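S.K.: Input: one structure, supplied below.
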Amino acid sequence: MLLSEGFGAGHTQAAYALSSSLRRVSPQVQTKVMELGSFLNPRMAPIIITAYKKTVSTQPRLIRMMYRSNYKKSLNRLTTLALHRMFYTDTIQIIKQLHPEVIVCTHPIPSAIISRIKRLDLLDVPLATVITDYDAHGTWISPEVNSYLVSTEQVRQKLLERGVEDHKIRITGIPVHPNFWERHQKSDIREQFHLKEMPTVLVMGGGWGFMKDEAVNAHLASFREQIQIIFCFGSNTKSLEKMRKDPRFIHPHIHLLGFTREIDKLMEVSDLLVTKPGGMTCSEGLAKAIPMLFHKPLPGQEEENSQYFTSQGWGTPISSLDDITAWIHRLMHHYDEVVRERAEMLDRIASYYPMQSAQAIIELIERHPFLTENNN
């Protein structure tokens, strides 16, 4: 049972990615992915998510202040009780119906709710929490979690500093869909999406389509004679329709796309990714070894993600339009060098085992005493 929430697309993407990986590691495994609060309270949840989305886009300073002020704090018992009564009153019934052998949470709220149920001795099922960013906010942490799957050694150290036992932490990387580890024929992708064989930039705004900076988009479009640009708007249909009517973006080398499940192919065929630094997007870009430019990180996790990937040399924050210009000139005048560097990066990450998260979940099932007793 894989539980997420709809506060940004990355958490649920991680759950589906882990679901696919689990079935590849162990084909007999059955999985169920749920955005738990939305499933149990379909009327109220979309209202709250929409309000959160609006606050993130219009009040970033407020979000940053809230993130920092609660940085080392877990969700307190009063908060989890209130959440349980508002959204999760039927959680135990759902668990009894599905009878999972392990519960995996890719968002801190369902993790806190399941932890509360375990704390009340109403549930004896192993709980794994997958931290889907390159930072560890306190809301992820509960004593009842049996296993934390984390992205990096730095995140592991932060958990240790907050009292999490070492044996509960496993560095697995953030789970991305197995498709991102596969290599495709670029000629086939170009034919599928009607692309030309030329330097290509992919622009993404995450699942919510926050990449709507007119100055950045217009600057990119000014190079449309020399490079090919793919704009992916995710669920932001309003911005997509607006750009389709803008003459600056009506050009054979500019491609405007809405929601797609084939981002892996678009990353494969592109040479540069301009994106919001969400944990999932960064991880997917790393799997494809595509150079990344980070646009205006959202407060909190995205800022931490940007800092981590920049420190590793895997991405660059956009501090001005000059950063974009410098990369476009690289693609125009030093394209062979860009291609060679990416190939070298692919060679370096080839040794990474992408199914580590799935394998950790399988091992958690196998060693949990409750399951051993029931299987006997």
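Going by my numbering, the sequence shown opens with residue 27, and the numbers climb by one from there.
Backbone N, C-alpha and C define an ideal beta-carbon position, used for all residues, glycine too.
In this text the structure is predicted, and so the values were computed from the model without any measurement.
1. Roughly how many angstroms separate the alpha carbons of isoleucine 388 and aspartate 192, rounded to a whole number?
2. In the DSSP assignment, find the beta strand (DSSP E) that holds histidine 281 and state where it starts and stops.
3. Under a three-way DSSP split, which group does valine 190 fall into?
4. Around the Cβ of isoleucine 276, are there at least 16 other Cβ atoms within 10 angstroms (buried) or fewer (exposed)?
5. Which same chain residues, not among the five before or five after valine 51, have their C-beta less than 8 Å away from its C-beta?
6. Just checking my contact of phenylalanine 219 with histidine 281 at CB under 8 Å: how many whole Å lie between their CB atoms?
7. Expressed to the nearest angstrom, what Euclidean distance is found between the alpha-carbon atoms of glycine 284 and isoleucine 129?
8. In angstroms, rounded to a whole number, what distance separates the CA positions of proline 225 and leucine 101?
9. Taking 8 Å as the limit between beta carbons, can you name the residues of its chain near alanine 162, skipping five residues before and five after?
10. To the nearest angstrom, report how far apart lysine 322 and leucine 48 are at their CA atoms.
11. Give me the Cα-Cα distance between arginine 393 and threonine 351, rounded to the nearest whole angstrom.
12. For serine 332, which residues from the same chain have a beta carbon less than 6 Å from its beta carbon, with the 5 sequence-adjacent residues on both sides left out?
13. Run through DSSP, which three-state label would glycine 304 get?
14. If you drop the 5 nearest sequence neighbours on each side, which residues of the same chain put their C-beta closer than 8 Å to that of alanine 244?
15. Taking the alpha carbon of valine 329 as the point to measure from, which residue in Cys258, Ile255, Gly305 has its own alpha carbon closest?
16. The alpha helix (DSSP H) with alanine 247 in it runs from where to where?
17. Would you check whether the ligand NAD has a heavy atom nearer than 7 Å to the C-beta of threonine 198?
18. Use the C-beta contact count for lysine 314: other C-beta atoms within 10 angstroms, 16 or more gives buried, fewer gives exposed.
19. Could you please give the first and the last residue of the uninterrupted beta strand (DSSP E) stretch that includes leucine 153?
20. If I follow the unbroken beta strand (DSSP E) through methionine 60, where does it start and stop?
21. Going by C-alpha distance, which of Phe65, Glu310, Asp348 is nearest alanine 206?
22. Using CA atoms only, rank isn't needed, just tell me which of Pro68, Leu298, Arg366 is closest to aspartate 349.
23. Which runs of the alpha helix (DSSP H) at least 4 residues long sit entirely within the segment 341–399? Give them in chain order.
24. Please work out which residues of its chain come closer than 8 Å, Cβ to Cβ, to leucine 66, disregarding the five sequence neighbours upstream and downstream, and give them in chain order.
25. Does glutamine 254 come out as helix, strand or coil in the three-state DSSP assignment?
26. Please look up how many angstroms separate the CB atoms of threonine 158 and threonine 132, rounded, as I've assumed it's under 8 Å.
27. Anyone know if the C-beta pair for alanine 138 and serine 168 falls short of 8 Å?
28. Over the uninterrupted beta strand (DSSP E) stretch that includes methionine 318, give me the two end residues.
29. Helix, strand or coil for isoleucine 120, going by three-state DSSP, please let me know.
30. Tell me whether serine 173 sits in a helix, a strand or coil according to DSSP, three-state version.
31. Are glycine 231 and phenylalanine 249 close, meaning C-beta to C-beta below 8 Å?
32. What are the boundary residues of the beta strand (DSSP E) that includes serine 30?
33. Looking at valine 55 and leucine 28, is the spacing between their C-beta atoms short of 8 Å?
34. Please state whether the Cβ-Cβ distance between histidine 203 and aspartate 290 is less than 8 Å.
35. Which residue marks the beginning of the beta strand (DSSP E) containing threonine 226, and which one marks its end?
M.R.: So, to answer that:
1. Cα to Cα, the separation comes out at about 19 Å.
2. 280–283
3. coil
4. exposed
5. Met381, Ala384, Gln385, Ile388
6. Beta-carbon to beta-carbon, phenylalanine 219 and histidine 281 are separated by about 7 Å, close enough to satisfy the 8 Å threshold.
7. 32 Å
8. 47 Å
9. Cβ neighbours of alanine 162 beyond the five flanking positions: Val176, Val181, Lys184, Leu185, Arg188.
10. 34 Å
11. Counting only the Cα atoms, threonine 351 lies some 53 Å from arginine 393.
12. Pro303, Phe320, Pro323, Pro343
13. coil
14. Arg274
15. Residue identity check: residue 329 is glutamate in the sequence provided, not valine. Residue Gly305 is the option with its Cα nearest to glutamate 329.
16. Here the alpha helix (DSSP H) through alanine 247 covers 240–247.
17. Of ligands this structure carries none, so the ligand NAD is not represented either.
18. buried
19. First-last of the beta strand (DSSP E) with leucine 153: 153–156.
20. 59–61
21. Before going on, a small fix: residue 206 reads as phenylalanine here, not alanine. Selected option, being the one with the closest Cα: Glu310.
22. Residue Leu298 is the option with its Cα nearest to aspartate 349.
23. 347–359, 361–375, 382–393
24. Phe113, Tyr114, Thr115, Asp116, Thr117, Ile120
25. strand
26. 6 Å
27. Yes; because the gap between Cβ atoms is below 8 Å, this pair is in contact.
28. 318–320
29. Correct three-state label for isoleucine 120: helix.
30. strand
31. no
32. 28–30
33. no
34. yes
35. 226–230
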